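Residue numbers (this note's numbering): 2 to 447.
Beta carbons: idealized from backbone N, C-alpha and C, even for Gly.
No experiment lies behind these values; they were computed from the predicted model shown.
In structure tokens form, the structure reads like this:
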């Protein structure tokens, strides 16, 4: 506790970066100069977990009851601070072995586990279509597909975040691992970079906005759609559909869509039928107007698989007489690679069009860093649409939306925030009862 307190207070002072690339890894100037903020810890909001109880539960965590009790050991002190007088954000300080904790989901029957393991093998075999995939590429590919592993296993951090969603007046939480505080400078990022990453995330979760997109058109509602495995209270395994909405000048929000039977798949991918797609679109448009006071001028939907005819028909009918324009864009992993002459990798932002297909490099050489932040040849995303659209304009939007990761000072990701947010919501939903609605704010999911 003392170490965490001292480290958070140290965010107010200058820290020199020691990484090789000074263009990417900058000195930390202190919170007031970097973010115009000051992080204060009020003693009335400090809680200490009982050490002996924690050690006992952590030793016995492998059973379902003890894992749940371990999560509830933290939930109690957290929920006690969800009153009228409360902090802007709660920092949860944990040891590394707790942050890495993952156990098999004890809530699954043997039959359900077998069914999910079959689906998991199907999902993994689909990744075999990639050309010589690296471990890094396979990890990134998980964000582009539904994954049975989210339901097969429980992680401590995901379970704790899900507990917060039960409360209407909850406060976002930010985890601070012990290694962030005292890991040696020569083991990973410097203290300056750790401060940039932690402070940026903390500032956002406390209600600030580190940066806004400068290049998105006004009045456009960007929607991300994803699917995730869910166990209903009756024991039936289904897909849960999730939608996330983002615009240039309003807070992103999410909502739950329909539950989809595991048999409702084509090419091993779940999909929405016409009525489900229609209902999802109408719910998003209602939520957008409720939050902004106006209807969007255009809707752009992002999905990680090609649109089925029922989905296209339902989404377009959902916008009829409400929004004048609707673009249905899909993104997916591809085996396409591009090698340039010279020492530089393909630049991030490169759009290749070959024989009617389009490939967008959302990862690649970053000129303002003068480096490629990756270990392998950059892997683009294949981009397409259901119906005619301006692929170049949609690609520029995707690039801008891939700069909206407020959980890191790097500020860029391989996937747009529409897809990332929807996936994070889906991960939380695997921990929630099917009658619990996740908090719609992005601050509770990062």
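* To do: Spell out the partners DSSP gives residue 385 in its beta bridges.
  => According to DSSP, residue 385 shares a beta bridge with 331.
* **For residue 357, three-class secondary structure by DSSP** => Coil at residue 357, not helix or strand.
* To do: May I ask you to verify whether the stretch 301-318 touches the stretch 353-362, counting CB pairs closer than 8 Å and requiring at least 3?
  => Contact fails: fewer than three Cβ-Cβ distances are below 8 Å.
* Asked: Would residue 258 pass as a contact of residue 277 if the rule is Cβ separation under 8 Å?
  -> Result yes, Cβ atoms of residue 258 and residue 277 sit closer than 8 Å.
* With DSSP as the reference, label residue 184 as helix, strand or coil. => Shown here, residue 184 sits in coil according to DSSP, grouped into three states, outside any helix or strand.
* Of the residues 24, 19 and 175, the one placed nearest residue 79, counting alpha carbons only -> Comparing alpha carbon positions, the residue from 24, 19 and 175 closest to residue 79 is 175.
* Any idea what DSSP makes of residue 262, helix, strand or coil? -> Reduced to three states, the DSSP call for residue 262 is strand.
* **Residue environment, residue 102, which counts as buried when at least 16 other CB atoms sit within 10 Å** => In the assembly as shown, residue 102 is a buried residue. Its beta-carbon has 16 or more other beta-carbons within 10 Å.
* Asked: So, residue 231 versus residue 430, is the Cβ gap smaller than 8 Å?
  -> By the CB criterion at 8 Å, residue 231 and residue 430 fall inside the cutoff.
* Under 8 Å Cβ to Cβ from residue 9, same chain only, skipping five residues before and after it: list those, please. => Result list for residue 9: 40, 42, 92 and 177, in chain order.
* **Rounded straight-line distance, which links the Cα of residue 182 to that of residue 17** => For residue 17 and residue 182, the distance between alpha carbons rounds to 15 Å.
* Based on Cα-Cα distance, which residue from 423, 385 and 192 lies nearest to residue 30? -> Among 423, 385 and 192, the Cα nearest to that of residue 30 is on 192.
* **Local conformation of residue 6 per DSSP, three classes** => The DSSP-derived three-state label of residue 6 is helix.
* To do: Just confirm the distance between the C-beta atoms of residue 197 and residue 410, as a whole number of angstroms; I'd bet it's less than 8 Å.
  => A Cβ-Cβ separation of about 4 Å places residue 197 in contact with residue 410 under the 8 Å criterion.
* Asked: In chain order, what residues of the same chain have a beta carbon less than 6 Å from the beta carbon of residue 173, not counting five sequence neighbours either side?
  -> Within the same chain, residue 173 has close Cβ partners 90, 206, 444 and 445.
* Would you verify that the beta carbon of residue 178 is, or is not, closer than 8 Å to some beta carbon of chain B? => In the structure shown, chain B does not exist; there is a single protein chain.
* **Sequence-distant residues of its chain with Cβ nearer than 8 Å to residue 199 (five each side left out)** => 12, 175, 177 and 181, listed in sequence order.
* For residue 272, which option in 229, 288 and 437 has the closest C-alpha, if you only look at C-alpha atoms? -> With respect to the C-alpha of residue 272, the residue from 229, 288 and 437 having the closest C-alpha is 229.
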